[in-house]
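So the sequence lines, in the order shown, correspond to chains X and C. Its first residue numbered 1, the first sequence is counted upward by one per residue in the numbering used here. Its first residue numbered 1001, the second sequence is counted upward by one per residue in the numbering used here. Report on the structure given below.
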Amino acid sequence: MFKIDQYAYTNKLSAVHPAEKMMMAGLTMLICLIFASPPVSLLVLLIMTAAIVVFAGIPGGFLGKLLAVPLLFLVVGVVTVAVTVTGDSGLLLWGINIGGFAVGVTADGLYKAGELFLRSLGAVSCLYFLALTTPMTEILSLLGKLKLPPLLIELMSITYRYIFVLLETADRIYISQASRWGYATWKSSYFSLGQLLSNLFSKSFYSSRMLYMALSSRCYQGQLRVLEKKYCLSRSNLCLIAAVDMMLAVVGLLTR
Amino acid sequence: MNSDNGAAIETEGLEFSYIDGTKALANVSIRIPAGKKVAFLGPNGAGKTTLFLHFNGLVKPDRGKVYVAGKEVRYDRASLLEVRKKVGIVFQDPDTQLFSSSVKQEISFGPLNLGLSREATEQRVRQAMEDTGILDLQDKPTHFLSYGQKKRVAIADILAMQPQVLVCDEPTAWLDVKHSRQIMEILDRCNARGVTVIISTHDVDMAYAWSDYIFVMKDGQVISEGVPLEIFADREVLQEAELDEPLLFKLSKELAGKGCLKEAAPAKSVEELIGRIVNMDYSLANLCKQGKQLCHGKGNNLSIDIEDVECYCKQVKDWFFKSGGDDFMKKGVLVLGHGSRRQAANEELSKLVEMVQAEMGVRTAPAYFQFAKPSLADVVESFVSEGIEEIIIVPALLFPGIHLMEDIPQALEELKLKYGEKVNFHLTPALGADPRLAEIIMERVQSAEKNLLQDRD
């Protein structure tokens, strides 16, 4: 997760207008989901992989690892779609009989499973494109421009900021516990973990109070107003996005 | 605005207890001078942070009042905003202060709250980043920054609001030497623009060298206040607040006590201290140099600095008293003056004799070469009758007379002939003589140096 965050700030596309990247990810994902056609999904996956690896300069290996993360859920989901339970064993390409029922895979089921698999992976790659190229702060400010309630955005931004503080604190507590044999046995591990969590809670509480004080000290009046970064929309990028998505839509219509 | 005689912040009988009943502040009444660099010293838990939180109304006291720039702090919304505009606090842990993930947005928060326009904010943010040297960090996310960088962002946060008073809680805690220095330089630049800078610290060396005024806190009370020299000279206060003497202060005192410093006042920086250390070369040649340097003025308008005399005496003592054991009863110092018909000129010498006596701690007497009594021969005679076996002759406050140039050495030769078996005579470089005369005496002394050294071996 830290690495994703780091790449978001340091990738080669970080200077590109966040709205463009969001459009690219959002529109493409929408097309991928709507058309539900394997060629489109495959194309989306390829285009996004190319965008992430070639244009944003993020190592392919890292992307591979990231894509492997949802694989476990995907496989489980896909298997349940692929496997059919039916009374008529003639429909099955392959199967076994259990009592009066036949459990196996049908051609239709397999196609559906494959299509679902590709579609999911395609959509996930769109999300990764956004996550890997666009810093959270910019996504948040974009959401603000999209007129999401300020309260929600402030909550998100403070949560995001303090995730790191929290993890750092947890890490420090963990190290200090581990260095004193806090995780030597199962029993002590449970005990230490409990201590860590309760400690973290009280520390967070203290932090939130201090944060409120620090904000008040800077004339906080209930709204976190900050300067927004200025970006220019690039016409060529917009054209590129439009072209890619049109192409995908055409492929989708043709293969329907 | 800030003026020298005004108080930036004033408190009156401030009392504050935490919910659990711990008394954090007890009757704190202080006046923080405007435009100064002020340090609060004291052990952990002395109440420094709690006191600071009162300075811009973040905490409401149980009893007592706070005044900012002469105006009493009220705790309604509008007044608080007004106070917080004037007094900015940099918190000790930057992670509790920095709420935004973007450095630039973080710093823009304060100015925007002050109701500034986008452009004005942009400009202030830039200025604050320049002042704290973090321009290169502006596009970095907060959580990528090192502790020292976060600390500077935290200061920039407040600088962007351009407060009249900048309060920093432990600005150098957990920082290495280089980053500490950077932070203190930022604070210095701020102060140079007229901002009152208030810090809390445990670092006595830093407080001593940096601050104009110091408050010492202990158990929720201010137990002492004053300029650094006063504070650190007060051993009782230091002991009570569990503070050490600053290294520079201690060293200056020690060196000054041994007569190794030109000025007795403690130095504020290492460079200053080094500059004040006198050459500790205890050779006669060096003494001669010293003696020559002591002369101010020309002709019969010679004068000497008292501190110079102390220093000179210490060196003479060190050189001559090494020989012949520690029997101080058998040593005598004869301060030989020119002698004048003017009584006032002779009195000058008497004063000098008192000082020499105080420094050397042995029998010391004045003698005059001419016109005034007692004469050189008389004093030597009485010294000898007292059982003194070593006489150190200090030519002092001599102005030129042709005869003197040869007469002093000649008189010395005569005395040596007369008392040579019983008494050792030493001539020291002149303590305040006309430059030309001092030169001649110096030559004589130097030629005697070799003999003296041989005698000792």
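Idealized CB from N, CA, C, for every residue including glycine. Because the structure is a prediction, the values reported are computed rather than measured.
What in chain C is Cβ-close to residue i, meaning under 7 angstroms?
| i | result |
| --- | --- |
| residue 165/X | 1095 |
| residue 160/X | 1101 |
With C-beta atoms as the reference, is residue i less than 9 angstroms away from residue j?
| i | j | result |
| --- | --- | --- |
| residue 1333/C | residue 1389/C | no |
| residue 243/X | residue 130/X | no |
| residue 1055/C | residue 1167/C | yes |
| residue 1199/C | residue 1151/C | no |
| residue 1101/C | residue 136/X | yes |
| residue 1091/C | residue 213/X | yes |
| residue 1045/C | residue 1008/C | no |
| residue 1335/C | residue 1353/C | yes |
| residue 1160/C | residue 1193/C | no |
| residue 45/X | residue 125/X | yes |
| residue 1391/C | residue 1369/C | no |
| residue 1053/C | residue 1089/C | yes |
Indicate the three-state DSSP secondary structure (helix, strand or coil) for residue i in the structure shown.
| i | result |
| --- | --- |
| residue 1068/C | strand |
| residue 1056/C | coil |
| residue 1210/C | helix |
| residue 251/X | helix |
| residue 1341/C | coil |
| residue 1026/C | strand |
| residue 1389/C | coil |
| residue 1365/C | strand |
| residue 1425/C | strand |
| residue 1256/C | helix |
| residue 67/X | helix |
| residue 1073/C | coil |
| residue 171/X | helix |
| residue 1225/C | strand |
| residue 243/X | helix |
| residue 3/X | helix |
Mark residue i as exposed unless 16 or more other C-beta atoms lie within 10 angstroms of its C-beta, in which case mark it buried.
| i | result |
| --- | --- |
| residue 1110/C | buried |
| residue 1222/C | buried |
| residue 255/X | exposed |
| residue 1040/C | buried |
| residue 1172/C | buried |
| residue 1024/C | buried |
| residue 134/X | buried |
| residue 1274/C | exposed |
| residue 215/X | buried |
| residue 1331/C | buried |
| residue 1359/C | buried |
| residue 1402/C | Annotation note: pLDDT 45 at residue 1402/C (below 50); position unreliable, coordinate value reported separately. By the 10 Å Cβ count, residue 1402/C comes out exposed. |
| residue 97/X | exposed |
| residue 1414/C | exposed |
| residue 1019/C | exposed |
| residue 1068/C | buried |
| residue 68/X | exposed |
| residue 1410/C | exposed |
So with CB distances below 8 angstroms, who are the chain X contacts of residue i?
| i | result |
| --- | --- |
| residue 1163/C | Those do not exist, as residue 1163/C stays about 10 angstroms from chain X at its closest Cβ, beyond 8 angstroms. |
| residue 1118/C | 227 |
Whose Cβ in chain X lies nearer than 7 angstroms to the Cβ of residue i?
| i | result |
| --- | --- |
| residue 1108/C | 226 and 227 |
| residue 1121/C | 227 |
| residue 1058/C | 213, 216 and 217 |
| residue 1166/C | Within 7 angstroms Cβ-Cβ: nothing; residue 1166/C doesn't reach chain X, min ~12 angstroms. |
| residue 1247/C | Under the 7 angstroms cutoff, chain X gives no residues; its nearest Cβ is about 32 angstroms from residue 1247/C. |
Rounded C-beta distance between residue i and residue j? I'm assuming under 8 angstroms.
| i | j | result |
| --- | --- | --- |
| residue 1209/C | residue 1268/C | 5 angstroms |
| residue 164/X | residue 1143/C | 4 angstroms |
| residue 270/X | residue 175/X | This structure gives no information on residue 270/X, because the portion of chain X shown stretches from 1 to 256. |
| residue 1245/C | residue 1238/C | 6 angstroms |
| residue 1086/C | residue 1163/C | 6 angstroms |
| residue 31/X | residue 252/X | 6 angstroms |
| residue 1372/C | residue 1339/C | 4 angstroms |
| residue 258/X | residue 23/X | Nothing in the structure corresponds to residue 258/X, since chain X is present only between 1 and 256. |
| residue 182/X | residue 188/X | 6 angstroms |
| residue 1063/C | residue 1015/C | 4 angstroms |
For a contact meaning CB atoms closer than 8 angstroms, what does residue i contact in chain C?
| i | result |
| --- | --- |
| residue 218/X | 1084, 1088, 1109, 1110, 1113, 1157, 1158 and 1161 |
Kindly list, in the order they appear in chain C, the residues whose Cβ is closer than 9 angstroms to that of residue i.
| i | result |
| --- | --- |
| residue 135/X | 1101, 1102 and 1141 |
| residue 9/X | 1139, 1140, 1141 and 1144 |
| residue 207/X | 1093, 1095 and 1096 |
| residue 221/X | 1077, 1081 and 1113 |
Is residue i near the ligand GTP, going by C-beta to nearest heavy atom under 8 angstroms?
| i | result |
| --- | --- |
| residue 1174/C | The ligand GTP is not among the ligands present in this structure, which contains no ligands whatsoever. |
Can you list the residues of chain X that residue i reaches, using a CB-CB cut of under 9 angstroms?
| i | result |
| --- | --- |
| residue 1125/C | 227 |
| residue 1091/C | 210, 213, 214 and 217 |
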